[in-house]
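In terms of the numbering used here, the sequence shown has 480 at position 313, counting the first letter as 1, and numbering is strictly consecutive.
Remarks on the structure that follows.
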Amino acid sequence: MTSKPKVRGGIAGSGFAANLHFEGIHRVYGADVDLVGIFSPTPAHAGRFAEPRGLRTFASLEALLDEVDVVHVCASPAAHEAIAVAALRRGVHAVVEKPLTGWFGDGGADFHVARASMKRALDGALASVDRMLDAEAKSKAMILYAENWVYAPAVQKEREIIEKTGAQVLWIHGEESHSGSHSNAYGFWRLNGGGALIGKGVHPLTAALYLKRVEGRARHGRPIRPAAVSARMHALTRLDGFVDRGFLRTDYHDVEDFSATHVVFEDGTVADIFASEIVMGGIHNWLEVMANNHRAQCNINPNTAMATYNPAEDQFRDVYVVEKIGTKQGWAPTAPDEDFITGFPQEIEAFYRAAATGERPESDGRLAADCISTVYSAYLSAEQKGAEVPVRAY
Ligand SMILES: NC(=O)c1ccc[n+]([C@@H]2O[C@H](COP(=O)([O-])OP(=O)(O)OC[C@H]3O[C@@H](n4cnc5c(N)ncnc54)[C@H](O)[C@@H]3O)[C@@H](O)[C@H]2O)c1
168 MTSKPKVRGG IAGSGFAANL HFEGIHRVYG ADVDLVGIFS PTPAHAGRFA
218 EPRGLRTFAS LEALLDEVDV VHVCASPAAH EAIAVAALRR GVHAVVEKPL
268 TGWFGDGGAD FHVARASMKR ALDGALASVD RMLDAEAKSK AMILYAENWV
318 YAPAVQKERE IIEKTGAQVL WIHGEESHSG SHSNAYGFWR LNGGGALIGK
368 GVHPLTAALY LKRVEGRARH GRPIRPAAVS ARMHALTRLD GFVDRGFLRT
418 DYHDVEDFSA THVVFEDGTV ADIFASEIVM GGIHNWLEVM ANNHRAQCNI
468 NPNTAMATYN PAEDQFRDVY VVEKIGTKQG WAPTAPDEDF ITGFPQEIEA
518 FYRAAATGER PESDGRLAAD CISTVYSAYL SAEQKGAEVP VRAY
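Written out as structure tokens, the structure is:
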């Protein structure tokens, strides 16, 4: 047996996503990964993450970057650009969590998006994307965009079907929704660069952009890219008439909790993407493809791999059932391996293979750039009550 290539990895951040990446790194089989350690700006948080996992903590990002080939950018969205650019300048591959980057307001702690212009947001986000792609172009390392939906088994199966049958994809519709984010920071534009669309909608949106890219590659030898977008954003839980029965999170500061985004591709075909914080009953992540020769339903989560019936809530106290399920009593679409079915270990595997071979992964910086460009063009469209806005494709 030939020996596996050795690749040194590190993690920037010590929150929820850092743990997802930590778990994924342990399932990599194509490379011999040496997980060197982590950097997180609050030493107490860094220690709390590192100690039980047997990891070294680094006092600065630079010190971590000096010792790794790959860094996982699992920090808050506003920090992605600076970390990724620092990594690329040192020749370190940057596995960047979603969203790639964004526009986070004017830097003021009292920023409220109602006082901002979405043209400024679009320009600011695209300038950030340009800086990141420029750093990548000048580097021997790559942006590896951590969009797990690209690697979800159902989306990869659909890639195979499109490639092998020469399908023309006419309409994609998809959604990511649940009943409200767990994070206290969520809900502030200045920290996240937007709300439901950039927090959740980027997953089905990037999968849709990816599948049109796959179709273009298979049929014409070049990707089919997004050309224009029309969108509406709403704050349903902040309506004066909203009746709060306590089942939905309601304390969003200045972001949308509902978004509907209609994308027109350069070949005239379309995608419709929904994202919201108002859906009960567990995470609602799906993508459906209508092609000229087939139809595919990709049930990301939940799906029908397993169902459980639990007559008494208390019995399942220590049992993880499925993301964001409100109650564990009664029937539930229990996920036997949620990480696998949503593509997390597969994306990490692909990124270490890319780092070892130098081959571009399916989810790369350009796909991420198209996503950010579409998202902020959608925010501009929503400001104009759904008028069509052109999308600058990368
Ligand atoms: N793919 C997914 O399904 C998924 C799920 C959750 C989060 N995410 C993404 O992962 C990223 C982190 O989200 P989270 O839920 O882990 O948030 P979190 O609030 O749990 O953790 C954020 C971490 O970033 C750290 N951080 C902030 N600034 C930093 C900097 N300059 N350098 C290094 N670390 C820094 C914080 O200390 C904290 O440890 C976000 O971009 C989020 O959108 C993706």
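No residue lacks a Cβ here, since even glycine has one placed at the ideal position from N, Cα and C.
Query, Result
"C-beta contact flag for G532 and E303 at 8 Å", "yes"
"Reduced DSSP category for W498 - H, G, I as helix; E, B as strand; rest coil", "strand"
"Residues that DSSP places opposite C465 in a beta bridge", "L454"
"Near ligand 1: A321 beta-carbon under 7 Å from a heavy atom", "no"
"Nearest residue (CA-CA) to M285, options P557, A554, R559, S548", "S548"
"Which residues DSSP lists as bridging M299, in chain order", "Answer is none; M299 lacks a bridge partner."
"Boundaries (first-last residue) of the alpha helix (DSSP H) holding A281", "Note, A281: premise wrong, no alpha helix (DSSP H); not H, not E."
"Reduced DSSP category for A261 - H, G, I as helix; E, B as strand; rest coil", "strand"
"CA nearest to the CA of I539, picked from Y312, V437, I450", "Y312"
"Candidates A375, F441, G204, L231: closest to A217 by CA position", "G204"
"Per DSSP, the bridge partner or partners of D201", "R175"
"Inter-residue CB distance, I178 and A185 (contact presumed, cutoff 8 Å)", "5 Å"
"Cβ contact (3+ pairs, closer than 8 Å) linking the stretch 421–428 and the stretch 362–378", "yes"
"beta-carbon P208 near ligand 1 non-hydrogen atom, thresh 7 Å", "yes"
"Heavy atom of ligand 1 within 7 Å of F355 beta-carbon", "no"
"Alpha-carbon to alpha-carbon, G497 and L289", "45 Å"
"Closer than 7 Å: P393 CB and nearest ligand 1 heavy atom", "no"
"Inter-stretch contact at 8 Å, needing at least 3 Cβ pairs: the stretch 433–452 / the stretch 334–353", "yes"
"Uninterrupted beta strand (DSSP E) stretches inside the stretch 341–376 (no shorter than 3 residues)", "none"
"Integer-rounded CB distance, given that P500 should sit under 8 Å from P469", "3 Å"
"Residue nearest to T428 in terms of C-alpha spacing, selected from T209, H340, V238", "H340"
"Any non-hydrogen atom of ligand 1 closer than 7 Å to P172 Cβ", "no"
"Reference D537, options R462, V237, A374, closest by Cα", "A374"
"Helix, strand or coil at N315 [DSSP, three-state]", "helix"
"Close beta carbons around A432, own chain, < 8 Å, minus the five adjacent residues each side", "Note that residue 432 corresponds to Phe in the displayed sequence, not to Ala. Contacts found: K379, I391, R392, P393, A394, A438."
"Cutoff 7 Å; reference I492; Cβ partners in own chain excluding five residues on either side", "G449, A499"
"Residues of its chain near H461, where Cβ-Cβ distance is below 8 Å and the 5 sequence neighbours each way are ignored", "I328, T332, A334"
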